[in-house]
Amino acid sequence: MAGHSDSHVHPVSLYTRTLWWLMALLVLTVVAGYIPNVPNWLGVVIALTIAVWKATIVIMNFMHVRFSGKLAWLFAGAGFFWLIIMLAFAFADYVSRPWEPFHGWPE
Amino acid sequence: MATATYTGTEKPNYLNWKTSVASWLLTYDHKRIAILYLVSISVFFLMGGLAAALIRMELATPRGDLLTSDIYNKMFTTHGVIMIFLFLIPSIPAVFGNFLLPLMIGARDVAFPRLNLLSWYFFMAGALMVLIALFRGGIDTGWTFYTPYSSSFAKGEVSLAIVGVFLAGFASIFTGINFLVTIHKMRAPGMTWFRLPLFVWAMYATSLIQVLGTPVVAITLLLVAVERTFRIGIFDPNLGGDPILYQHLFWFYSHPAVYIMILPAMGVISEVISAFSKRRVFGYHFVAFSSLAIAIIGFLVWGHHMFSTGQSMYAGIVFSFLTWIVAIPSAIKTFNWMATIWKGRVHWDTPMLYALGFMGLFVIGGLTGLHLAAMATNVHLTDTYFIVAHFHYVMVGGAIMGYLAALHFWWPKMTGRMYPEGWGKLAAMLVFVGFNLTFFPQFILGYMGMPRRYHSYPEEWAVLNVLSTAGSSVLGLGYLLPVIYLTWSLKYGKVVTERNPWGARGLEWELVDPVPDPHNFERTPIVTRPAYDYGHPEEPTGFVPKPRPVVVGGKDG
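If you read the sequences in order, they're chains A and B.
Quick note on my numbering: the first sequence kicks off at 553 and runs consecutively.
Quick note on my numbering: the second sequence kicks off at 7 and runs consecutively.
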């Protein structure tokens with residue numbers, strides 16, 4: 553059947569390299585969290601960028617999407633698209649809501 | 007462990023070829039896994055039904071005189087959690103999807119048989135945890151586990167129940183993945199996408215929702231358990247969290263979950279109506295694509311559950327508009343079923359009665375959904391019995407009628423026995439009448455302002471509540487009858503000797519033995535005709551090719 557070409561053997565180095573990348577990005581996330589005077593919105597952008605980077609590495613290498621056919625790409629893409637739907641509609645509520653701080657919320 | 011293998015004289019089938027307990031509990035056969043699910047969810051259905059009976063008995067009188075308010079809260083939570091997570095969501099996909107999908111597409115099994123068995127074990131482990139939580143004092147959060155009540159205030163084993171639902175959710179994901187891959191990769195030669203039975207299209211759409219939506223609710227519920235256990239602020243405002251965020255994440259799955267329940271039932275109805283009208287489903291392509299449309303648009307409407315819970319009005323307008331749109335593909339299906347029946351040779355057998363019941367009840371459930379899609383009426387009706395009536399019309403009147411239609415339609419194929427037709431028709435009528443008597447008064451009660459989730463109410467609502475309770479006893483009898491006569495038929499029912507007792511079209515009827523062979527087909531079938539080709543009864547939908555003759559000798563030999 554077309555669509556799946558994951559029959560070749562992957563070297564162990566692929567997985568060890570992926571692991572090291574993930575560890576490096578984890579450290580980067582922590583370091584970015586402690587940089588002083590970063591505006592909140594920029595902190596969120598940095599954290600999300602690193603998170604997407606890590607997720608992409610996992611999906612491509614550990615989940616073998618890199619070596620798979622178009623159908624697997626389509627379904628992996630659909631997962632991301634659905635995530636965007638969820639975030640976009642949920643955040644649309646937040647940005648269009650009159651915001652009233654509640655006791656306990658950070659300033 | 008020793009396994010008793012088949013030694014009889016009749017042709018072995020999936021039921022008799024191995025009979026030990028281990029052969030059932032360790033089976034990879036999709037048909038046996040379907041039966042495991044059937045037995046499990048039937049038990050859960052009876053448990054959930056018992057909780058419903060207690061709720062209705064309490065509401066037979068205005069005073070809260072049978073159950074205390076605390077016990078009442080636990081009872082409706084028990085009813086909701088069991089019925090939704092342990093019965094409705096797995097019902098048609100895990101039982102009939104498992105049993106029929108490979109047979110309908112000409113495959114020997116699903117793509118991942120081991121994952122299929124693992125799915126049942128995950129489901130049972132999850133169910134066990136939920137039941138332990140319910141029996142160890144119970145939980146009173148409602149099936150929605152709304153925060154911050156569930157994460158910060160509710161007593162009882164909420165976290166255990168949540169982990170149970172989490173596991174059952176993964177069982178659902180496994181089933182969805184299995185079906186998607188099976189449909190893509192394991193169709194028999196000639197079984198093109200537009201020759202697929204509409205039940206398979208419905209299962210495909212359902213599987214998309216299971217795979218794309220269930221992980222969200224699983225993780226969300228786990229976050230509730232994390233907040234509850236470790237006091238990490240996610241949803242509780244006192245800890246810096248946001249309760250509306252919980253509702254966004256919960257309903258992102260839980261509204262599409264309604265379509266996990268109803269889409270498979272719609273697939274069943276397409277099969278049954280076609281078989282008992284002896285006509286090809288009118289507008290086949292539209293019905294097929296409407297399943298996908300429901301699955302996709304169904305993901306864009308969750309905010310209509312939050313019109314009155316703090317969501318922005320502007321988001322509400324968008325969600326309201328999208329909710330109106332999702333009614334269109336459902337209407338396409340309904341009109342096409344009616345057009346299929348029109349001028350058909352209608353046979354009034356039990357499955358058809360359930361299918362017709364489905365159509366009537368689903369239309370009422372769907373149209374009252376439009377009252378709730380409109381923000382102005384929604385605000386008045388939120389948290390009233392109107393909501394209770396609406397979703398029972400969809401999830402019981404729709405999904406369970408579809409489930410019962412499927413159970414009666416494919417019962418002879420699953421068991422090789424026929425149930426008593428007269429009792430079947432009586433039960434179908436009792437379910438229809440009992441259901442309407444139970445839930446129609448609740449529309450009026452809700453319109454009058456009776457709130458849900460209270461164990462007592464003012465005197466002026468007593469008559470309608472008595473009607474509703476009386477109806478529930480008729481409905482209960484209607485559900486109990488099939489349990490009795492179907493069980494009876496396993497031993498005493500007429501033995502089905504022909505492959506196709508209904509004269510239906512489809513590989514599972516035309517090419518599969520009265521009780522399927524353990525391997526379904528002797529060889530991979532070849533499909534030559536479209537689905538529901540009732541116009542050409544002399545032409546089979548497909549055939550099993552003869553074995554190639556073994557050539558001995560020849561010029562090289």
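Think of the CB as a built atom: it goes at the ideal place given N, C-alpha and C, for glycine as much as any other residue.
Which chain B residues are close to residue i, counting only those with a beta carbon under 8 Å from its beta carbon?
i, result
"I537 (chain A)", "This structure gives no information on residue 537 (chain A), because the portion of chain A shown stretches from 553 to 659."
With a Cβ-Cβ cutoff of 8 Å, do residue i and residue j count as a contact?
i, j, result
"R69 (chain B)", "S478 (chain B)", "no"
"F141 (chain B)", "L227 (chain B)", "no"
"W308 (chain B)", "F258 (chain B)", "yes"
"L42 (chain B)", "W30 (chain B)", "yes"
"M541 (chain B)", "L517 (chain B)", "Here residue 541 (chain B) turns out to be Gly, not Met, going by the sequence shown. Not in contact: G541 (chain B) and L517 (chain B) (Cβ atoms no closer than 8 Å)."
"F445 (chain B)", "H398 (chain B)", "yes"
"V101 (chain B)", "N184 (chain B)", "no"
"L410 (chain B)", "Y491 (chain B)", "no"
"A412 (chain B)", "I47 (chain B)", "no"
"G372 (chain B)", "A333 (chain B)", "yes"
"F91 (chain B)", "A174 (chain B)", "yes"
"L134 (chain B)", "F180 (chain B)", "no"
"G132 (chain B)", "G170 (chain B)", "yes"
"G455 (chain B)", "T390 (chain B)", "yes"
"F105 (chain B)", "G219 (chain B)", "no"
"P520 (chain B)", "V502 (chain B)", "yes"
"E514 (chain B)", "M110 (chain B)", "yes"
"V480 (chain B)", "V439 (chain B)", "yes"
"L73 (chain B)", "L60 (chain B)", "yes"
"N79 (chain B)", "D523 (chain B)", "no"
So which residues on chain B does residue i lean against when the C-beta distance must stay under 7 Å?
i, result
"R569 (chain A)", "Chain B residues near R569 (chain A): none, gap ~27 Å exceeds 7 Å."
"S648 (chain A)", "S318, Y320 and A321"
"G621 (chain A)", "Within 7 Å Cβ-Cβ: nothing; G621 (chain A) doesn't reach chain B, min ~11 Å."
Count the other C-beta atoms from every protein chain shown that fall within 10 angstroms of the C-beta of residue i, then say buried if there are 16 or more, exposed otherwise.
i, result
"F327 (chain B)", "exposed"
"P270 (chain B)", "buried"
"A554 (chain A)", "Below a pLDDT of 50, predicted positions are generally treated as unreliable, and A554 (chain A), at 40, falls in that range; no measurement from the model is reported."
"T568 (chain A)", "exposed"
"A607 (chain A)", "exposed"
"V136 (chain B)", "buried"
"S178 (chain B)", "buried"
"L571 (chain A)", "exposed"
"L600 (chain A)", "exposed"
"W416 (chain B)", "buried"
"T9 (chain B)", "With a pLDDT of only 47 at T9 (chain B), under 50, the local geometry of the prediction cannot be trusted, and the value read off the model is given with reservation. Per the 10 Å Cβ criterion, exposed."
"F643 (chain A)", "exposed"
"K497 (chain B)", "exposed"
"A603 (chain A)", "exposed"
"G563 (chain B)", "Interpretation of G563 (chain B) is limited by its pLDDT of 39, a score under 50 that renders its predicted location unreliable; no figure is taken from the coordinates."
"S565 (chain A)", "exposed"
"H414 (chain B)", "buried"
So residue i packs on residue j, CB below 8 Å; how close in whole Å?
i, j, result
"E277 (chain B)", "S157 (chain B)", "With a Cβ gap of about 43 Å, E277 (chain B) and S157 (chain B) do not count as contacting."
"G363 (chain B)", "M407 (chain B)", "5 Å"
"F93 (chain B)", "G54 (chain B)", "6 Å"
"T188 (chain B)", "A113 (chain B)", "6 Å"
"F129 (chain B)", "I88 (chain B)", "That pair is no contact at about 13 Å."
"Q448 (chain B)", "V394 (chain B)", "6 Å"
"R511 (chain B)", "D539 (chain B)", "6 Å"
"T153 (chain B)", "P221 (chain B)", "About 19 Å separates the two Cβ atoms, so there is no contact after all."
"W330 (chain B)", "L387 (chain B)", "Not confirmed; about 16 Å, so no contact."
"G452 (chain B)", "F392 (chain B)", "3 Å"
Who are the neighbours of residue i on chain A, taking C-beta pairs under 8 Å?
i, result
"G309 (chain B)", "F641 and D645"
"S157 (chain B)", "Chain A residues near S157 (chain B): none, gap ~14 Å exceeds 8 Å."
"L218 (chain B)", "A630, G631 and W634"
"V222 (chain B)", "M638"
"H261 (chain B)", "Here the premise fails: no neighbours, minimum Cβ distance about 12 Å."
"H525 (chain B)", "Per Cβ cutoff of 8 Å: no residues; H525 (chain B) is ~21 Å from chain A at best."
"H542 (chain B)", "Ordered by position in chain A, no residue passes the 8 Å Cβ test against H542 (chain B), which lies about 31 Å from the chain."
What residues from chain A crowd round residue i, counting only those whose CB sits closer than 7 Å?
i, result
"F258 (chain B)", "M638"
"H461 (chain B)", "Under the 7 Å cutoff, chain A gives no residues; its nearest Cβ is about 32 Å from H461 (chain B)."
"H36 (chain B)", "Going along chain A, no residue has its Cβ under 7 Å from H36 (chain B), so there is no contact; the nearest lies around 20 Å."
Starting from the beta carbon of residue i, find every residue of chain A whose beta carbon is closer than 9 Å, and list them in chain order.
i, result
"H398 (chain B)", "What H398 (chain B) touches in chain A: nothing, since even the nearest Cβ is about 27 Å away."
"H291 (chain B)", "Simply none; closest approach about 21 Å."
Is residue i near the ligand GDP, judged by its Cβ being under 7 Å from some heavy atom?
i, result
"M358 (chain B)", "The model on display carries no ligand, and the ligand GDP is accordingly not part of it."
Q | Inside the region 203-276 of chain B only - beta strand (DSSP E) runs reaching at least 3 residues | A | none
Q. Which whole runs of the alpha helix (DSSP H) in the region 303-341 of chain B are 4 residues long or more, in chain order?
A. none
(Q) Threshold first: 4 residues or longer. Then list the alpha helix (DSSP H) segments lying entirely within the region 99-151 of chain B, N to C. (A) 104-111 and 119-141
**Q.** Within the region 340-411 of chain B, ranges of the alpha helix (DSSP H) (whole runs, at least 4 residues)
**A.** 356-379, 381-387 and 391-400
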